[in-house]
Amino acid sequence: MTQAVGVKRAEERVALAALFVSFLKVSLLGFGGGLVWARRVVVDQQRWLDDHEFAEILTLCQLMPGPNIVGITLCVGSRLRGPIGAIAAVAGFILIPWTVGLALGGVCLRYAHLAVLQNILGGLSAAAAGLMIATGIRLLLPHRSRRTALLFAALAFAGMALTKLPLLFVLLGLAPASIAVAGIASARAP
Amino acid sequence: MNNSSASVALAAHLALLSSISFGGFPSVLPDVHNFVAANGWVTDKEFANFFAVSQVMPGPNMILMMSLIGLKLGGVPGAIASALATFGPPCVMYYTAFRLWDRFRDMPWQRIARRGLAPLTIGLVIAGGYVMARAADTGWPSVVVTAAAVGLMLATRLSPLWILIAGGAAGGLGLL
Numbered sequence: 001m002t003q004a005v006g007v008k009r010a011e012e013r014v015a016l017a018a019l020f021v022s023f024l025k026v027s028l029l030g031f032g033g034g035l036v037w038a039r040r041v042v043v044d045q046q047r048w049l050d051d052h053e054f055a056e057i058l059t060l061c062q063l064m065p066g067p068n069i070v071g072i073t074l075c076v077g078s079r080l081r082g083p084i085g086a087i088a089a090v091a092g093f094i095l096i097p098w099t100v101g102l103a104l105g106g107v108c109l110r111y112a113h114l115a116v117l118q119n120i121l122g123g124l125s126a127a128a129a130g131l132m133i134a135t136g137i138r139l140l141l142p143h144r145s146r147r148t149a150l151l152f153a154a155l156a157f158a159g160m161a162l163t164k165l166p167l168l169f170v171l172l173g174l175a176p177a178s179i180a181v182a183g184i185a186s187a188r189a190p
Numbered sequence: 191m192n193n194s195s196a197s198v199a200l201a202a203h204l205a206l207l208s209s210i211s212f213g214g215f216p217s218v219l220p221d222v223h224n225f226v227a228a229n230g231w232v233t234d235k236e237f238a239n240f241f242a243v244s245q246v247m248p249g250p251n252m253i254l255m256m257s258l259i260g261l262k263l264g265g266v267p268g269a270i271a272s273a274l275a276t277f278g279p280p281c282v283m284y285y286t287a288f289r290l291w292d293r294f295r296d297m298p299w300q301r302i303a304r305r306g307l308a309p310l311t312i313g314l315v316i317a318g319g320y321v322m323a324r325a326a327d328t329g330w331p332s333v334v335v336t337a338a339a340v341g342l343m344l345a346t347r348l349s350p351l352w353i354l355i356a357g358g359a360a361g362g363l364g365l366l
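Read top to bottom, the protein sequences are chains A and B.
Per my numbering, the very first residue in the first sequence carries number 1; after that it's consecutive.
Per my numbering, the very first residue in the second sequence carries number 191; after that it's consecutive.
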């Protein structure tokens, strides 16, 4: 596989600029779910990877901490052009949107004391909180038949939202137990 | 605590959190909220404002939100430090893991670890939403907006952008 990729690379090296621009596009379009756009650009439009390779990268990134979409960006860049490709892709994803966002956001927050703006921001953040809760519920649905999964989701929620414990404690406390239970369940399954 | 040491402390804390942010950065929001609130750096209202602004911008929302907190504490250098702390450590891990990927791709423990971690990260994401809803809570109308956003997102295929715009409009019209 490494060899095949090597051949592909020698035949048609993906330009670093193309990586930068493509992930800039994913970043700017990826409003409310960058994953959809990442797949569309990488698999459908540029044909850099097939669905199988993309799913493999996604799985890896979901297993790791951090913003998954940045991980996907980094892995695709690295797959196509090595370390320098990873840097080009991540820079494309972050640099321009971050600079613009910080400038606009900074200006906007300077006027946050204005009543109208304060009201708008209040409404926005109430709605955005709802979107986040809904995203969590949607992610939970595929697990609804596993009672232990629901239990651990509830414990993680309670540990974080209700007790104000540091995340590190919550994860260190719950992760070993949750993984052990998943291990036992999968050992029992045929 | 002066500004630069506050930004350094924030960046150090964010670097730790980003290293354990399984399921993405929304899962660490409650911890960030506790941290900055306990230090008296950011009020609930400001935290909700940062969240709102970062959510309406395209691009890497959570990196932007952490940078806005950094911007408040230590100006542009603080913003850059927060951004790097948010995506730097995970990037190193992603890169290392991607290199090692072929070696452990078929190991069964990987699937088990994922099955075990998934419910936790989901619970944490919902906790993030809950904590943000509490920070934005100015009375029952804002709770209604949050609940409506949950319902619309789950029951319809409406773009999240429209739901955010509707929430902002409701606020702008003075309904909240």
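Virtual Cβ for every residue (Gly too), placed ideally from N, Cα, C.
Euclidean distance between Cα positions of residue i and residue j
i      : j      : result
A/I72  : B/S272 : 21 Å
A/L124 : B/P298 : 43 Å
A/G173 : B/L365 : 42 Å
A/R146 : A/V181 : 11 Å
B/I270 : A/A185 : 44 Å
B/M322 : A/A129 : 5 Å
B/F212 : A/V21  : 28 Å
B/G329 : A/A112 : 19 Å
B/L290 : B/P331 : 50 Å
A/A4   : B/T286 : Note that A/A4 scores 46 on pLDDT, short of 50, meaning its location in the model is unreliable; the coordinates nonetheless yield the value given after this. Spanning the two alpha carbons is a distance of roughly 21 Å.
A/H52  : B/A317 : 32 Å
B/L263 : B/M256 : 11 Å
A/R79  : B/K235 : 43 Å
B/W231 : A/L49  : 45 Å
B/R305 : A/H143 : 9 Å
A/A86  : A/V70  : 10 Å
A/R13  : B/A202 : 38 Å
A/V7   : A/E56  : Note that A/V7 scores 40 on pLDDT, short of 50, meaning its location in the model is unreliable; the coordinates nonetheless yield the value given after this. Distance between the alpha carbons of A/V7 and A/E56: 20 Å.
B/V315 : A/G106 : 26 Å
B/C281 : B/F288 : 10 Å
B/L206 : A/L24  : 27 Å
A/L19  : A/F93  : 9 Å
B/G249 : A/R188 : 43 Å
A/L63  : A/A115 : 43 Å
A/A127 : B/S349 : 13 Å
B/P279 : B/S209 : 6 Å
A/L131 : A/L140 : 14 Å
B/A275 : B/A326 : 26 Å
A/T2   : A/A177 : In this predicted model, A/T2 has a pLDDT of only 44, less than 50, meaning its place in the structure is not dependable enough to derive any value.
A/V41  : B/I253 : 22 Å
B/F237 : B/V226 : 9 Å
A/L171 : A/C75  : 26 Å
A/G183 : A/R110 : 51 Å
B/D221 : A/K164 : 7 Å
B/M247 : B/A196 : 26 Å
B/A228 : B/V218 : 15 Å
Partners in chain A for residue i, counting only beta-carbon separations shorter than 7 Å
i      : result
B/V321 : A161
B/P216 : M132
B/A326 : G122, S125, A126, A129
B/V246 : L124
B/D234 : Neighbours of B/D234 on chain A: none; closest Cβ ~10 Å, over 7 Å.
B/N242 : It is worth fixing the name first, because residue 242 of chain B is Ala in this sequence and not Asn. By Cβ distance, chain A contributes L121, L124, S125, A128.
Boundaries of the alpha helix (DSSP H) in which residue i is found, first to last residue
i      : result
B/Y320 : 298 to 326
B/N224 : 219 to 228
B/W231 : First-last for B/W231: undefined, no H or E at that position.
B/S195 : 193 to 209
B/T336 : 330 to 345
A/V36  : 34 to 39
A/A18  : 16 to 29
B/L354 : 350 to 362
Under 8 Å by beta carbon: chain B residues contacting residue i
i      : result
A/S145 : None at all; the shortest Cβ gap to chain B is about 12 Å.
A/V14  : In chain order: nothing, as chain B lies at least about 17 Å away.
A/S178 : G306, L307, P309, L310
Interface partners of residue i on chain A, CB under 9 Å
i      : result
B/S257 : W98, G101, L102, G105
B/S209 : P65, G66
B/G268 : By Cβ distance, chain A contributes nothing, its closest Cβ being about 11 Å from B/G268, past 9 Å.
B/G230 : Here the premise fails: no neighbours, minimum Cβ distance about 15 Å.
B/L261 : L102, G105, G106, L109
Partner residues on chain B for residue i, Cβ-Cβ distance less than 7 Å
i      : result
A/K164 : N224
A/A182 : I302, R305, G306
A/L167 : L207, I210, V218, D221
A/G71  : P280, Y284
Chain B residues whose Cβ lies nearer than 9 Å to that of residue i
i      : result
A/S186 : P298, R301, I302, R305
A/L28  : P248, G249
A/L234 : Residue coverage of chain A in this structure runs from 1 to 190, which leaves residue 234 of chain A outside it and unanswerable.
8 Å Cβ cutoff, residue i in contact with chain E
i      : result
B/V198 : Reference to chain E is not applicable here, since the protein chains of this structure are A and B.
Partner residues on chain A for residue i, Cβ-Cβ distance less than 8 Å
i      : result
B/A238 : L121, G122, S125
Task: Every unbroken alpha helix (DSSP H) within the stretch 54 to 86 of chain A, with a cutoff of 4 residues, ordered by chain - done: Runs of the alpha helix (DSSP H) lying entirely within the stretch 54 to 86 of chain A, each at least 4 residues long, are absent.
Task: Whole alpha helix (DSSP H) elements within the stretch 135 to 178 of chain A, 4-residue minimum - done: 147 to 157
Task: chain A contacts from the stretch 274 to 298 of chain B (Cβ-Cβ distance under 7 Å) - done: Answer set for the stretch 274 to 298 of chain B: F277, P280, C281, M283, Y284, Y285, A287, F288, W291.
TODO: Could you list the residues in the stretch 324 to 348 of chain B with a C-beta less than 9 Å from some C-beta on chain A, going in chain order?
DONE: R324, A325, A326, D327, T328, P331, S332, V333, V334, V335, T336, A337, A338, A339, V340, G341, L342, M343, L344
Open item on the list: Tell me which residues of the stretch 346 to 366 of chain B have at least one Cβ-Cβ distance to chain A shorter than 9 Å, keeping chain order.
Closed with: S349, P350, L351, I353, L354, I355, A356, G357, G358, A359, A360, G361, G362, L363, G364, L365, L366
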